[in-house]
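Student: Quick one: structure below, then a few questions.
Number of protein chains: 2
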Amino acid sequence: ARPRVGYFYTGQTPDTILSEEIAKLKIKNFHSSPVVITENASAYKAVCEMFVEDVGSLFVVNDDGLLAGVLSRKDLLRIAIGSQDMNQVPVSVIMSRMPNIAYCKHNDTVLDVALLLITKEIDAVPVVRQKEKGLEVIGRMTKTNITKAFVSLANRNNVRK
Amino acid sequence: ARPRVGYFYTGQTPDTILSEEIAKLKIKNFHSSPVVITENASAYKAVCEMFVEDVGSLFVVNDDGLLAGVLSRKDLLRIAIGSQDMNQVPVSVIMSRMPNIAYCKHNDTVLDVALLLITKEIDAVPVVRQKEKGLEVIGRMTKTNITKAFVSLANRNNVRK
Chain A
4 ARPRVGYFYT GQTPDTILSE EIAKLKIKNF HSSPVVITEN ASAYKAVCEM
54 FVEDVGSLFV VNDDGLLAGV LSRKDLLRIA IGSQDMNQVP VSVIMSRMPN
104 IAYCKHNDTV LDVALLLITK EIDAVPVVRQ KEKGLEVIGR MTKTNITKAF
154 VSLANRNNVR K
Chain B
4 ARPRVGYFYT GQTPDTILSE EIAKLKIKNF HSSPVVITEN ASAYKAVCEM
54 FVEDVGSLFV VNDDGLLAGV LSRKDLLRIA IGSQDMNQVP VSVIMSRMPN
104 IAYCKHNDTV LDVALLLITK EIDAVPVVRQ KEKGLEVIGR MTKTNITKAF
154 VSLANRNNVR K
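Taken in sequence, the protein lines are chains A and B.
For the first sequence, the residue numbers in our numbering are 4 to 164.
For the second sequence, the residue numbers in our numbering are 4 to 164.
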């Protein structure tokens, strides 16, 4: 018997539908543009860049333009309340550094990255592409992007109608 | 004809199931504990509190213990790179202030708050309860909590099996 209109075969519950639909969401459809800064830039410049670009994380690149580190608002706030002159401190001293950086790729799922952000207790990861000498930064995936993915799931129905 | 096992009547698509399941998620099942500070505390103390409690937002309460303001890492970073002595600046001067504060209640949906965080471009809102003289802070709802809600949706199936 073929399913009638209004019935559909799933072999599934709403819960398995949720899992499957969520597992289809890929980073490439949800990430933002990265904001990068060079290793020798000062902590002060990094804070200014964060305000100008209105982001909570900066990615630090080396002379080859490849990923060298990540800077969060928390990293900068810690330095800002210290006694050092922020104009004299290069970001390379305070950033989280490769290889201790969580990152993701274009084809990873939003769910993988959501788990990564929760597990590592961080707000953002760079989206990278493997190059011969290291990782090129091509995007930024944050808890804001996850929040937008969550909203998009709920609104699909309205959007398509 | 009654649906057979493996078929179920929904009148719906996977998209409407997503919308309905997401609309069921309530703040009361996902929020975190609030971290509060008093209005006359210094900006320096607020930064320390943020690090000790490992949160990105503090809620400022008045003498009656009711919501008076919200402080973000961004608010504190802005002050920290300025020329003022952070020990001399009370949080009441730099916080976002009632009535210009977004908040939510226990029975609001996670989706409502996700939309609020995106629209207002903020990371967290207090969960409040109405009292005679104002709003009592009973929780904290952040993009981290939304990210956890997103993961929980995907994992329900595994959790229940």
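Don't be surprised by glycine CBs; every beta carbon is placed ideally from N, CA and C.
Assess, as a yes-or-no matter, whether the stretch 147-154 of chain A is touched by the stretch 72-84 of chain A under the definition of 3 or more beta carbon pairs within less than 8 Å.
Tutor: No: fewer than three Cβ pairs fall under 8 Å.
Student: Measure the C-alpha to C-alpha separation of P37 of chain B and M144 of chain B and round it to an integer number of angstroms.
Tutor: Residue numbering aside, residue 37 of chain B sits at position 34 when the second sequence is read from its first letter. Residue numbering aside, residue 144 of chain B sits at position 141 when the second sequence is read from its first letter. P37 of chain B and M144 of chain B: Cα-Cα distance of roughly 9 Å.
Student: Counting contacts by CB-CB distance shorter than 8 Å, is V50 of chain B in contact with chain A?
Tutor: Translated into positions along the second sequence, residue 50 of chain B becomes position 47. At least one chain A Cβ lies under 8 Å of V50 of chain B.
Student: Indicate whether F33 of chain A and V131 of chain A have their beta-carbon atoms separated by less than 8 Å.
Tutor: The residue labelled residue 33 of chain A in the question sits at position 30 within the first sequence. The residue labelled residue 131 of chain A in the question sits at position 128 within the first sequence. No. Outside cutoff.
Student: Alpha carbon to alpha carbon, how far is A105 of chain A from L21 of chain A? Give it in angstroms, no decimals.
Tutor: Counting from 1 along the first sequence, the entry for residue 21 of chain A is found at position 18. Counting from 1 along the first sequence, the entry for residue 105 of chain A is found at position 102. Rounded to whole angstroms, L21 of chain A to A105 of chain A spans 26 Å at the Cα level.
Student: Note down, in chain order, each residue of its chain lying with its Cβ closer than 6 Å to the Cβ of S155 of chain A, except the 5 sequence neighbours on either side.
Tutor: Position 152 of the first sequence holds residue 155 of chain A. Contacts found: none.
Student: Below 8 Å on C-beta distance, what does I149 of chain A contact in chain B?
Tutor: Taking the first residue of the first sequence as position 1, residue 149 of chain A is located at position 146. Under the 8 Å cutoff, chain B gives K146, I149, T150 and F153.
Student: Cutting at 8 Å between CB atoms, please list the residues of its own chain near D67 of chain B, excluding the five before and the five after it.
Tutor: Counted from its first residue, the second sequence places residue 67 of chain B at position 64. Excluding residues within five positions, the ones whose Cβ falls inside 8 Å are K136 and G137.
Student: Quick check on D66 of chain A - is its C-beta less than 8 Å from some C-beta in chain B?
Tutor: Taking the first residue of the first sequence as position 1, residue 66 of chain A is located at position 63. With 8 Å as the cut-off, D66 of chain A does not count as an interface residue toward chain B.
Student: Do you know how far the Cα of I125 of chain A is from the Cα of V116 of chain A?
Tutor: Position 113 of the first sequence, counting from 1, holds the residue named residue 116 of chain A. Position 122 of the first sequence, counting from 1, holds the residue named residue 125 of chain A. Each residue's alpha carbon lies about 11 Å from the other.
Student: With a 10 Å radius around its C-beta and 16 neighbouring C-beta atoms as the bar for buried, classify A26 of chain A as buried or exposed.
Tutor: The sequence position of residue 26 of chain A within the first sequence is 23, counting from 1. It counts as exposed.
Student: Going along the chain, which unbroken runs of the alpha helix (DSSP H) with 4 or more residues stay wholly within the stretch 58-135 of chain B?
Tutor: Fully enclosed alpha helix (DSSP H) runs of 4 or longer: 76-83, 94-97 and 113-123.
Student: What is the DSSP secondary structure of S36 of chain B, counted as helix, strand or coil?
Tutor: Taking the first residue of the second sequence as position 1, residue 36 of chain B is located at position 33. If DSSP states are grouped into helix, strand and coil, S36 of chain B belongs with coil.
Student: If you draw a straight line from the C-alpha of E139 of chain A to the C-alpha of N110 of chain A, how long is it?
Tutor: Translated into the one-based positions of the first sequence, residue 139 of chain A becomes position 136. Translated into the one-based positions of the first sequence, residue 110 of chain A becomes position 107. Each residue's alpha carbon lies about 15 Å from the other.
Student: With DSSP as the reference, label T16 of chain A as helix, strand or coil.
Tutor: For the purposes of this step, residue 16 of chain A is identified with residue 13 of the first sequence, where counting begins at 1. Looking at T16 of chain A - three-state DSSP - the assignment turns out to be coil, as it is neither helix nor strand.
Student: Taking C-beta to C-beta, are I97 of chain B and I84 of chain B nearer than 8 Å?
Tutor: Locating residue 97 of chain B in the second sequence gives position 94, counting from the first residue. Locating residue 84 of chain B in the second sequence gives position 81, counting from the first residue. No, these two residues do not count as a Cβ contact at 8 Å.
Student: Can you tell me where the beta strand (DSSP E) holding E52 of chain A begins and where it ends?
Tutor: Reading the first sequence from its first residue, position 49 is the one you call residue 52 of chain A. Element bounds for E52 of chain A: not the beta strand (DSSP E) but the alpha helix (DSSP H), A46 to E56.
Student: Tell me the DSSP secondary structure of E139 of chain B in three-state form.
Tutor: Translated into positions along the second sequence, residue 139 of chain B becomes position 136. Strand at E139 of chain B.
Student: What's the C-alpha gap between Q91 of chain B and P17 of chain B?
Tutor: The residue given as residue 91 of chain B occupies position 88 in the second sequence. The residue given as residue 17 of chain B occupies position 14 in the second sequence. Between Q91 of chain B and P17 of chain B, the C-alpha separation is close to 56 Å.
Student: Drop a sphere of 10 angstroms on the beta-carbon of C107 of chain A, count the other beta-carbons inside from all chains shown, and report buried for 16 or more, exposed for fewer.
Tutor: Translated into positions along the first sequence, residue 107 of chain A becomes position 104. The residue in question, C107 of chain A, is buried, as its Cβ has 16 or more Cβ neighbours within 10 Å.
Student: Cutting at 8 Å between CB atoms, please list the residues of its own chain near S45 of chain B, excluding the five before and the five after it.
Tutor: Translated into the one-based positions of the second sequence, residue 45 of chain B becomes position 42. M89, N90, Q91, V92, P93 and V94.
Student: Just confirm the distance between the C-beta atoms of L74 of chain B and S60 of chain B, as a whole number of angstroms; I'd bet it's less than 8 Å.
Tutor: As a working note, residue 74 of chain B is residue 71 in the second sequence. As a working note, residue 60 of chain B is residue 57 in the second sequence. Confirmed, Cβ separation roughly 7 Å.
Student: Going by DSSP, name the residue or residues bridged to K29 of chain B.
Tutor: Start at 1 with the first residue of the second sequence, and residue 29 of chain B comes out as number 26. B:T112, per the DSSP bridge assignment.
Student: Out of A:M53, A:P102, A:T122 and A:F62, state which residue places its alpha-carbon closest to the alpha-carbon of E42 of chain A.
Tutor: As a first step, residue 42 of chain A is located in the first sequence; it is residue number 39 there, counting from the start. The option with the nearest alpha carbon to E42 of chain A is A:F62.
Student: Anything in chain B within Cβ reach of Y106 of chain A, meaning under 7 Å, just list it in chain order.
Tutor: Here residue 106 of chain A corresponds to residue number 103 of the first sequence, with the count starting at 1. Within 7 Å Cβ-Cβ: nothing; Y106 of chain A doesn't reach chain B, min ~17 Å.
Student: Identify, in the order they occur along the chain, each residue of the same chain with its Cβ nearer than 6 Å to the Cβ of K164 of chain A, setting aside the five sequence neighbours on each side.
Tutor: Taking the first sequence and counting its residues from 1, the one referred to as residue 164 of chain A is at position 161. Residue placement at K164 of chain A cannot be trusted, given a pLDDT of 43 that sits under 50; the coordinates are not used to answer.
Student: State the Cα-Cα distance for the pair M101 of chain B and N65 of chain A, rounded to the nearest angstrom.
Tutor: Taking the second sequence and counting its residues from 1, the one referred to as residue 101 of chain B is at position 98. Taking the first sequence and counting its residues from 1, the one referred to as residue 65 of chain A is at position 62. Spanning the two alpha carbons is a distance of roughly 44 Å.
Student: Please decide whether K77 of chain A counts as near chain B, where near means a Cβ-Cβ distance under 8 Å.
Tutor: Within the first sequence, numbered from 1, the residue matching residue 77 of chain A stands at position 74. Yes, contact with chain B.
Student: By Cβ distance, which residues of its chain are closer than 7 Å to Q19 of chain A, with the 5 residues on each side in sequence left out?
Tutor: As a working mapping, residue 19 of chain A is identified with position 16 in the first sequence. Note that residue 19 of chain A corresponds to Thr in the displayed sequence, not to Gln. Around T19 of chain A: no qualifying Cβ.
Student: Q15 of chain B to S99 of chain A, Cα distance in whole Å?
Tutor: Reading the second sequence from its first residue, position 12 is the one you call residue 15 of chain B. Reading the first sequence from its first residue, position 96 is the one you call residue 99 of chain A. Spanning the two alpha carbons is a distance of roughly 47 Å.
Student: When you compare the CB of S22 of chain A with every CB in chain B, is at least one pair closer than 8 Å?
Tutor: Working through the first sequence from its first residue, we reach residue 22 of chain A at position 19. Chain B, which has a Cβ nearer than 8 Å to the Cβ of S22 of chain A, makes this yes.
Student: Short of 9 Å Cβ to Cβ, which residues in the stretch 84-105 of chain B face chain A?
Tutor: Those would be I84 and M89, in chain order.
Student: Does any residue of chain A have a CB that is nearer than 8 Å to the CB of A26 of chain B?
Tutor: Position 23 of the second sequence, counting from 1, holds the residue named residue 26 of chain B. Yes, contact with chain A.
Student: Which residue's Cα is closest to the Cα of N103 of chain A: A:T122, A:G72, A:L120 and A:S86?
Tutor: Taking the first sequence and counting its residues from 1, one reaches residue 103 of chain A at position 100. Nearest C-alpha to N103 of chain A: A:G72.
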